[in-house]
Each structure stands twice: as C-alpha cells, then as structure tokens.
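Quick note on our numbering: the sequence shown kicks off at 136 and runs consecutively.
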Amino acid sequence: MVIPCYNVAYVLDDILTQLKSEPVDVVVIDDGSTDTTSETAFKYKVKVIRNNRNLGKGASLRRGFDYALSQGYGTVIAMDGDGQHLPLDIVNFLKVESLSPEADIIVGNRMRHPTGMPRIRRLTNIIMSGLISRICGQSIPDTQNGFRLIRARLLGKLELTSNKFEIETEIILQAAVRGAKIINIPIVSVYKNHLSRIRPLLDTFRFVKCILPYIGFITKPPNPIRQACLSDGPGLRMSGNNCKRS
Numbered sequence: 136m137v138i139p140c141y142n143v144a145y146v147l148d149d150i151l152t153q154l155k156s157e158p159v160d161v162v163v164i165d166d167g168s169t170d171t172t173s174e175t176a177f178k179y180k181v182k183v184i185r186n187n188r189n190l191g192k193g194a195s196l197r198r199g200f201d202y203a204l205s206q207g208y209g210t211v212i213a214m215d216g217d218g219q220h221l222p223l224d225i226v227n228f229l230k231v232e233s234l235s236p237e238a239d240i241i242v243g244n245r246m247r248h249p250t251g252m253p254r255i256r257r258l259t260n261i262i263m264s265g266l267i268s269r270i271c272g273q274s275i276p277d278t279q280n281g282f283r284l285i286r287a288r289l290l291g292k293l294e295l296t297s298n299k300f301e302i303e304t305e306i307i308l309q310a311a312v313r314g315a316k317i318i319n320i321p322i323v324s325v326y327k328n329h330l331s332r333i334r335p336l337l338d339t340f341r342f343v344k345c346i347l348p349y350i351g352f353i354t355k356p357p358n359p360i361r362q363a364c365l366s367d368g369p370g371l372r373m374s375g376n377n378c379k380r381s
C-alpha cells in the first residue's frame, strides 16, 4: 500500500488506524510536509520515505512504487493520504484481484456514487475519462482516481516520468499501450473538509501534454512487433519494423 502524503497529519492518524485491520503493508511517502505527517506515520511503525522538499504526487508515487518493487511485492495498491479514500474499500480491491487474474490494473470508480463531488470536478472527470477511454479502447469511467491496484508484472515495465497529478493518466496510457487489461470497481469517496491541491489551468495543461503523444496510437490496429517490444519492458524501442534495445 503506497500512500503519498503532503501536510495530512490531521487525517493520517485515522487512516493508519483503519489500515491496521487490513491485510496490507504500508509505505507512506511524505512529500516534504511541514507538519507532523512523518511523525504521525512513525507512530504506526510503517515504512516512511520522506522527500526533502515538495516534489509532487507523481514523484512521490514513483518513489513508493520503486520501493514496493524492490521488496518483491506482487501487487501494489495506491491510495491518497488526504482522507478522500476509505481503507474499507481495500478488501474489495483484493477480492476482485483474486477473481480477475487477467486484470493488470483495478481502478476505483467514484462516478457510480458521486455524491459530494464538486460539480466542476465531476464534469471535468467525465470529459477526461471519456477521452482517455477512447484513446485506450477500454472503458475507464474514472481515470483521475488515485485509488487503484496495479500488478507488479505491469508496474515494473512502466517508464513513468510525471511528477504531478497527471501521473494517474500516465499510468493508464502506458498500461494500455502495453496491452494491459484495466477493470473498474465502485468506491465511495469522502469530500468533507477535503482541500484539493489541483490547480485547474496548470494541471489541465499537464494533462493535455501527457495524452498528446498517445492520441491515435493505442486505438490503431495492433502491430504485433510493437506490442511485443513494449511488453518486454524498459530499454526496448521500435526501429522500423524491428524491436531493438536502446
């Protein structure tokens, strides 16, 4: 369980208390918090990785993913540390993981129960998710949701570079390029006292920049050589009609 955190000491205590009853190991990525986020996490004897300064959600998730892969975990669950996600939903992710061995990513879907979601965020999410679903050729109703399970067999092949909130989009796009199976499960999100750190204009620009290289790429008829090249992991690239190591 990878939890990126920034100044969330006010809610982290409650999250970690609930996680004590869940069958998961926890790593908290403190993204340069100026409050007692790290100290709160240490009380629960979970792994804490601290950024010396605020690097962004994407950078924090990448550090958490690297740690999880280095420890040999077969699956990684990511959830936000601001209290928006309910630890009780973890059991549903694990149940679906067990019942759907073909699934590479399981994404939480808030759109089944959007009560409390700000109207502008709901509209933006519908538009973004519709666009990304079309690019990927798979139905993903809530592409911007950070509550998701990713199998290590896929995660180790992704070449993630995003430092900010567009990391969720980058994961899905890179996964789809590699032919990953993405499924969705309904979750409930909590918006009470939730302070969003998303900056609409800047983060929309980053989102557009993230998806541009993929438009028209994934939904083209599959090239078997390209799929094999991408599926074999980092360090391989297409050169003409051949797959070569960079």
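Even for Gly, the Cβ is constructed at its ideal location relative to N, Cα and C.
Here DSSP, grouped into helix, strand and coil, assigns Pro321 to strand. For Val325, the number of other beta carbons within 10 angstroms of its own is below 16, and it is reported as exposed. For the pair Ile322 and Ile241, the CB atoms are not nearer than the 7 Å cut-off. With contacts defined as CB atoms closer than 7 Å, Ile302 and Leu204 fail to qualify as a contacting pair.
Using a Cβ-Cβ distance cut-off of 8 Å, the stretch 186-202 and the stretch 292-299 are in contact, since at least three pairs of beta carbons, one from each stretch, lie closer than that value. Boundaries of the alpha helix (DSSP H) around Thr152: 144-154. Contact annotation, Gly243 with Asp224: C-beta distance approximately 7 Å; criterion of less than 8 Å satisfied.
Segment contact: the stretch 303-311 against the stretch 344-353, three or more CB-CB distances shorter than 8 Å; contact assigned.
Cβ neighbours of Val162 within its own chain (closer than 8 Å, five residues either side excluded): Met136, Val137, Ile138, Val181, Lys182, Val183, Ile184, Gly199, Tyr202, Ala203. Its chain contains no residue whose beta carbon lies nearer than 7 Å to that of Gln206 once the 5 sequence neighbours on both sides are disregarded. In this structure Lys316 touches Asp239 by the C-beta definition: roughly 5 Å separates them, less than 8 Å. Annotation: the continuous beta strand (DSSP E) that includes Arg185 extends over 182-185. The alpha-carbon separation between Val226 and Asn187 amounts to approximately 33 Å. Within the same chain, and ignoring the five residues on either side of Ser264 in sequence, the residues whose Cβ sits closer than 8 Å to its Cβ are Met246, Ile275, Pro276, Asp277, Thr278, Gln279. Just so you know, the alpha carbons of Arg283 and Tyr179 end up roughly 23 Å apart. Taken through DSSP and simplified to helix, strand or coil, Thr175 comes out as helix. Taken through DSSP and simplified to helix, strand or coil, Leu284 comes out as strand. In this chain, the beta strand (DSSP E) harbouring Val163 covers 162-165. DSSP places Asn244 within a strand segment (E or B) once states are collapsed to three. Note on geometry: alpha-carbon atoms of Phe300 and Gly209 lie some 25 Å from one another.
Short of 8 Å from the beta carbon of Leu190, and not among the five residues preceding or following it, lie these beta carbons of its own chain, in chain order: Asp166, Gly167, Asn298.
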